[in-house]
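Notes to accompany the following structure.
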Amino acid sequence: MSSIILSALWGVVMMFSGIFMKKKSLAKYIALLGMLALLTVNFLEYYNVWYIYADIGQMLKFTSFSHIFNAIVLACTFLFFILNAAELEAIGPDVYEYYALIFFVLCGVGIAVSFNTLLMLFLGIEIITIPLYILAGSDKRNLKSNEASLKYFLMGVFSTGIMLMGIAFLYGATGTFYIEGMNLGIAALQPMIVIGVVLLMIAMSFKVSAAPFHFWVPDVYDGAPTAVTSFMATIVKVASFVAFLHLFDNAFGKIHAQWQLLIALLTAATLFIGNITAVFQQSVKRMLAYSSVAHAGFMMFALFGLNTFVREGLILYAAAYSLATIGSFAVLAKMKDFSLEGFNGLGKTQPLLALTNTVFLLSLTGIPLTAGFFAKYYMLVGAVKSGNHLWLVIFAVLMAAVSAYYYFRVIQSMYFKEGDAQVKPVSTVFKATLIITAALIIILGMFPNLLLKGLYY
Amino acid sequence: MNPNDVLITFPELLIWFPLLSGLAAFFLAKGDSAKRWAVISSLITVAIVAASFFFTDKNYFHFNNVSYVWMPSIGSSFALMYDGMGRMLCLLTALAFPLAFLATYNTNYLKSNNFYGLMLLSQAGLMGVFCAMDALVFYFFWELAIIPIYFLASQWGGEKRIQATFKFFVYTFAASLLLMVGIIYVYLHTPDSSFALSSFLKAKLPPGQEKLVFWLFLAAFAVKMPLFPFHTWQPDTYEQSAAPVTMILSGVMVKMGVFALIRWLIPVFPYATGLFTNVVIGLSVAGMVYASCIAWVQDDLKRLVAYSSIVHVGLMCAAIFARHQSGIEGVMLQMFNHGINIIGLWIVVELIEKHFGTRKISELGGIASSSPVLTVFLVIIALANIALPLTNAFVGEFLMFNGLFQYGIWTTAIALTTIILSAVYTLNMVQKVFYGSTNSLTASGAGMVKGSAVAALTVVVIIILLLGVYPKLLSDLTKDTVNVFMNRLMGL
Numbered sequence: 166m167s168s169i170i171l172s173a174l175w176g177v178v179m180m181f182s183g184i185f186m187k188k189k190s191l192a193k194y195i196a197l198l199g200m201l202a203l204l205t206v207n208f209l210e211y212y213n214v215w216y217i218y219a220d221i222g223q224m225l226k227f228t229s230f231s232h233i234f235n236a237i238v239l240a241c242t243f244l245f246f247i248l249n250a251a252e253l254e255a256i257g258p259d260v261y262e263y264y265a266l267i268f269f270v271l272c273g274v275g276i277a278v279s280f281n282t283l284l285m286l287f288l289g290i291e292i293i294t295i296p297l298y299i300l301a302g303s304d305k306r307n308l309k310s311n312e313a314s315l316k317y318f319l320m321g322v323f324s325t326g327i328m329l330m331g332i333a334f335l336y337g338a339t340g341t342f343y344i345e346g347m348n349l350g351i352a353a354l355q356p357m358i359v360i361g362v363v364l365l366m367i368a369m370s371f372k373v374s375a376a377p378f379h380f381w382v383p384d385v386y387d388g389a390p391t392a393v394t395s396f397m398a399t400i401v402k403v404a405s406f407v408a409f410l411h412l413f414d415n416a417f418g419k420i421h422a423q424w425q426l427l428i429a430l431l432t433a434a435t436l437f438i439g440n441i442t443a444v445f446q447q448s449v450k451r452m453l454a455y456s457s458v459a460h461a462g463f464m465m466f467a468l469f470g471l472n473t474f475v476r477e478g479l480i481l482y483a484a485a486y487s488l489a490t491i492g493s494f495a496v497l498a499k500m501k502d503f504s505l506e507g508f509n510g511l512g513k514t515q516p517l518l519a520l521t522n523t524v525f526l527l528s529l530t531g532i533p534l535t536a537g538f539f540a541k542y543y544m545l546v547g548a549v550k551s552g553n554h555l556w557l558v559i560f561a562v563l564m565a566a567v568s569a570y571y572y573f574r575v576i577q578s579m580y581f582k583e584g585d586a587q588v589k590p591v592s593t594v595f596k597a598t599l600i601i602t603a604a605l606i607i608i609l610g611m612f613p614n615l616l617l618k619g620l621y622y
Numbered sequence: 004m005n006p007n008d009v010l011i012t013f014p015e016l017l018i019w020f021p022l023l024s025g026l027a028a029f030f031l032a033k034g035d036s037a038k039r040w041a042v043i044s045s046l047i048t049v050a051i052v053a054a055s056f057f058f059t060d061k062n063y064f065h066f067n068n069v070s071y072v073w074m075p076s077i078g079s080s081f082a083l084m085y086d087g088m089g090r091m092l093c094l095l096t097a098l099a100f101p102l103a104f105l106a107t108y109n110t111n112y113l114k115s116n117n118f119y120g121l122m123l124l125s126q127a128g129l130m131g132v133f134c135a136m137d138a139l140v141f142y143f144f145w146e147l148a149i150i151p152i153y154f155l156a157s158q159w160g161g162e163k164r165i166q167a168t169f170k171f172f173v174y175t176f177a178a179s180l181l182l183m184v185g186i187i188y189v190y191l192h193t194p195d196s197s198f199a200l201s202s203f204l205k206a207k208l209p210p211g212q213e214k215l216v217f218w219l220f221l222a223a224f225a226v227k228m229p230l231f232p233f234h235t236w237q238p239d240t241y242e243q244s245a246a247p248v249t250m251i252l253s254g255v256m257v258k259m260g261v262f263a264l265i266r267w268l269i270p271v272f273p274y275a276t277g278l279f280t281n282v283v284i285g286l287s288v289a290g291m292v293y294a295s296c297i298a299w300v301q302d303d304l305k306r307l308v309a310y311s312s313i314v315h316v317g318l319m320c321a322a323i324f325a326r327h328q329s330g331i332e333g334v335m336l337q338m339f340n341h342g343i344n345i346i347g348l349w350i351v352v353e354l355i356e357k358h359f360g361t362r363k364i365s366e367l368g369g370i371a372s373s374s375p376v377l378t379v380f381l382v383i384i385a386l387a388n389i390a391l392p393l394t395n396a397f398v399g400e401f402l403m404f405n406g407l408f409q410y411g412i413w414t415t416a417i418a419l420t421t422i423i424l425s426a427v428y429t430l431n432m433v434q435k436v437f438y439g440s441t442n443s444l445t446a447s448g449a450g451m452v453k454g455s456a457v458a459a460l461t462v463v464v465i466i467i468l469l470l471g472v473y474p475k476l477l478s479d480l481t482k483d484t485v486n487v488f489m490n491r492l493m494g495l
């Protein structure tokens with residue numbers, strides 16, 4: 166809870182310091198300080214040291230799951246800030262505002278992963294998305310950035326409308342907003358509840374970019390400034406997933422059998438469209454956009470399985486996917502040419518960038534000894550464990566093999582193609598952070614328990 | 004012997020040593036120092052394996068077996084065992100790398116530190132595969148062996164190497180992921196939720212599902228062997244990769260698939276194995292005949308050797324699925340011998356290509372008169388390749404055909420035709436390349452075989468003759484594994 170309050174406060178602090186401080190470069194230090202504070206309070210709260218406590222009438226519920234997840238989000242954002250500091254400064258003059266908006270998003274993330282009523286879910290999701298509408302369009306002079314912002318806004322409000330309608334239906338049928346008080350699954354399902362559940366499923370699928378509700382993703386991710394894309398594709402997406410899982414696990418878990426097939430179809434469609442379309446991309450940025458759709462497909466297994474394996478798996482997946490994608494986007498942002506040819510010969514010109522990027526891409530592919538492997542592993546175990554629909558699991562691994570195709574094309578470009586890749590200047594801190602990120606991926610790939618045992622504290 | 008007195012066990016040593024020396028190789032200077040490092044390191048590995056042969060007794064149990072708790076929450080432990088079959092294949096792995104390095108010692112690979120580093124990493128992966136006693140550890144090493152090969156084959160080799168390797172990689176990766184699903188499936192049906200091989204053997208799968216999971220496993224192994232019709236990656240990859248990589252791929256990697264059939268597939272799925280015996284043996288024999296015919300008309304030396312390898316592996320697969328004692332004994336011998344023989348063939352092919360700049364059979368001829376040394380080596384290796392008596396391959400092939408005979412006379416008869424065909428294409432190749440009249444290209448063959456290559460070929464020929472005369476050396480080593488395997492089948 167204190168991290169929710171503190172992140173909102175720090176956002177305000179960031180905005181005002183923008184007025185008083187003239188130097189752009191100071192912004193990142195203030196932001197990093199804020200992240201450290203957030204990490205600390207979250208950590209203390211995890212060990213039951215509460216500094217701020219407000220009576221919120223059980224509308225939020227903090228568990229070890231939400232704390233661990235919050236910690237992953239905060240740590241990833243911390244790395245994100247270091248890796249993208251130069252990029253954020255390059256977007257425009259209002260650096261302090263960009264950081265402030267990101268802090269507001271984190272506030273929303275805190276709410277969305279620990280909500281206990283549908284109202285809080287709605288608030289959390291909205292607090293996440295509204296700053297993002299602005300961030301997506303923050304490159305004001307760039308037409309593509311404007312397009313991205315508008316598209317994201319229109320699609321976002323549309324899905325928000327659907328979500329509100331779903332909540333209204335559920336409230337009408339059950340008379341409560343509290344997700345555990347709905348008592349579904351005792352009597353036969355009323356049509357109103359069915360409509361409500363399906364509408365919420367559609368709305369959340371929009372937010373996590375599951376097919377067939379993913380059409381906004383490629384254009385928005387491509388058009389938004391690369392740093393913002395990286396943030397949206399990782400932290401925002403996994404937070405929405407945790408909210409998605411939390412809602413369907415606790416509110417609709419008892420009627421899992423009724424909607425499992427629907428989720429299975431969404432999963433298959435997401436895996437198929439994400440992977441197959443990514444194969445045909447020539448721009449690495451668009452490829453990563455589609456790859457994020459493909460990974461959404463794998464994370465959907467959490468809803469498909471709905472058991473301890475996938476709950477642990479989602480935590481691991483969130484960490485593995487966020488670290489690898491943030492790293493990969495950070496390398497991408499340093500490239501002068503985002504096309505596949507732009508990476509030709511990076512292994513010679515920038516060996517360190519190429520090597521770390523290889524680790525990120527291997528992790529995204531799911532090669533053993535990287536965190537991506539165990540992330541996929543847990544998801545698959547959970548899915549097989551749930552019994553029926555083995556076809557979906559086999560389909561998923563075949564799609565994972567397809568993903569090897571497009572990730573390895575980048576590796577091929579970097580190492581085996583002749584060329585001389587043009588790179589923007591990179592600092593030592595940037596390189597060191599890349600190494601830390603890659604090391605984290607490999608450590609989690611060998612000892613996933615380091616993260617998971619935190620769940621059972 | 005108290006387990007606490009053992010500092011490090013042999014299987015661990017065989018994995019960690021190449022792994023660390025491989026990692027260290029990346030930091031060496033480009034050029035000869037990495038090459039020397041790799042040769043010395045791989046020779047030390049041979050020494051370690053040689054030393055391990057003095058510790059085979061049951062008293063030394065703790066030198067050969069190890070198990071750490073790795074991930075308790077999911078029931079996986081880092082369990083390694085060094086049994087007869089593992090020992091034999093580790094010996095093959097240990098021998099293959101110095102042979103490959105020595106045979107190509109005069110070739111300078113660009114960025115040699117990366118080249119030799121990756122080679123040693125894949126050696127570590129191979130050792131792990133042959134020793135793993137835990138399905139998850141097995142899967143880890145299975146992938147660890149293949150990733151360095153992807154980089155090796157993409158960066159060094161022929162012009163079309165990138166495409167060829169890509170095909171190979173996507174093929175094997177897809178198959179490995181199916182194996183992954185299979186492993187998860189069996190894991191969820193083990194009585195104690197564990198990945199250990201012993202728990203896998205106790206797993207009770209419903210028959211309908213066992214059939215499906217059997218194919219998930221077999222897919223991965225069949226691609227690696229390769230079993231017809233999953234072989235299409237193989238000739239291209241062998242042709243395009245650098246010579247040492249090809250030697251490792253065909254000499255050792257192929258054995259991963261064969262090995263996995265004996266250790267993992269058949270003992271875990273005895274019921275489904277019985278059901279699909281006809282299908283798999285049918286595919287193997289069909290593949291043997293098909294590959295023999297293609298080898299017959301090849302004009303490219305590398306592709307000829309590649310197809311002849313499919314024939315040999317097909318026979319091993321058929322003999323395993325026939326599940327007869329003598330056939331399995333034959334497979335054990337042949338796994339080792341085929342590795343040695345094919346590495347010998349690749350060394351000769353590489354020397355020819357390096358010296359004359361071509362490997363087209365039609366462009367070569369009469370090398371015997373310009374380089375008698377190479378001819379002597381080649382003739383011995385070629386005779387071993389067609390399994391003539393007194394060469395190492397004879398006993399193994401004889402036992403395998405004996406085992407297959409127990410399964411079916413007609414199948415054996417068809418499979419036996421490939422022996423004739425293999426004599427046809429191998430001798431045909433020897434005749435066209437080495438005898439006949441020299442042309443302007445091949446007249447310059449004098450002095451083409453230099454020091455290190457002679458050493459490598461001599462080792463190959465010594466092994467061929469030694470094991471041809473006295474195969475007991477090998478069969479004693481793997482006797483226990485064969486008994487365990489047969490008892491498992493009998494006990495059900």
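Chains as they are written, first to last, in my numbering: chain A, 166 to 622; chain B, 4 to 495.
Each residue gets a CB set at the ideal place from its N, CA and C atoms; glycine is no exception.
Computed from a predicted structure; not experimentally measured.
In whole angstroms, give me the CA-to-CA distance for residue i and residue j.
{"i": "Y261 (chain A)", "j": "A353 (chain A)", "result": "53 Å"}
{"i": "S448 (chain A)", "j": "A202 (chain A)", "result": "38 Å"}
{"i": "I323 (chain B)", "j": "E332 (chain B)", "result": "9 Å"}
{"i": "L470 (chain B)", "j": "L529 (chain A)", "result": "47 Å"}
{"i": "A416 (chain A)", "j": "Q212 (chain B)", "result": "33 Å"}
{"i": "F595 (chain A)", "j": "L248 (chain A)", "result": "6 Å"}
{"i": "E254 (chain A)", "j": "L191 (chain A)", "result": "10 Å"}
{"i": "A548 (chain A)", "j": "L555 (chain A)", "result": "8 Å"}
{"i": "G89 (chain B)", "j": "F133 (chain B)", "result": "5 Å"}
Establish whether the CB of residue i and some CB of chain B are separated by less than 8 Å.
{"i": "F417 (chain A)", "result": "no"}
{"i": "T515 (chain A)", "result": "Reading the sequence as shown, one finds Gln at residue 515 (chain A) and not Thr. So, not an interface residue."}
{"i": "V274 (chain A)", "result": "no"}
{"i": "N311 (chain A)", "result": "no"}
{"i": "K450 (chain A)", "result": "no"}
{"i": "V558 (chain A)", "result": "yes"}
{"i": "P533 (chain A)", "result": "yes"}
{"i": "N614 (chain A)", "result": "yes"}
Using the DSSP secondary-structure output, state which residues sit across from residue i in a beta bridge.
{"i": "S196 (chain B)", "result": "Answer is none; S196 (chain B) lacks a bridge partner."}
{"i": "L225 (chain A)", "result": "A:F280"}
{"i": "D137 (chain B)", "result": "B:A199"}
{"i": "D496 (chain B)", "result": "For residue 496 (chain B) there is no data in the structure shown, the boundaries of chain B being 4 and 495."}
Give a yes or no on whether 8 Å exceeds the smallest Cβ distance from residue i to chain A.
{"i": "F143 (chain B)", "result": "yes"}
{"i": "S373 (chain B)", "result": "no"}
{"i": "L23 (chain B)", "result": "no"}
{"i": "F29 (chain B)", "result": "no"}
{"i": "Y119 (chain B)", "result": "no"}
Kindly give me the distance between the Cβ atoms of residue i and residue j, rounded to whole angstroms, as I take these residues to be in contact under 8 Å.
{"i": "R451 (chain A)", "j": "P383 (chain A)", "result": "6 Å"}
{"i": "I276 (chain A)", "j": "G289 (chain A)", "result": "3 Å"}
{"i": "T240 (chain B)", "j": "A178 (chain B)", "result": "With 8 Å as the limit, T240 (chain B) and A178 (chain B) do not qualify as a contact, their Cβ atoms being about 14 Å apart."}
{"i": "L402 (chain B)", "j": "G330 (chain B)", "result": "6 Å"}
Would you call residue i buried or exposed, if buried means 16 or more other Cβ atoms sit within 10 Å of its Cβ?
{"i": "I237 (chain A)", "result": "buried"}
{"i": "D137 (chain B)", "result": "buried"}
Counting only Cβ pairs nearer than 8 Å, list the residues of chain C close to residue i.
{"i": "E400 (chain B)", "result": "The structure shown contains no chain C; its protein chains are A and B."}
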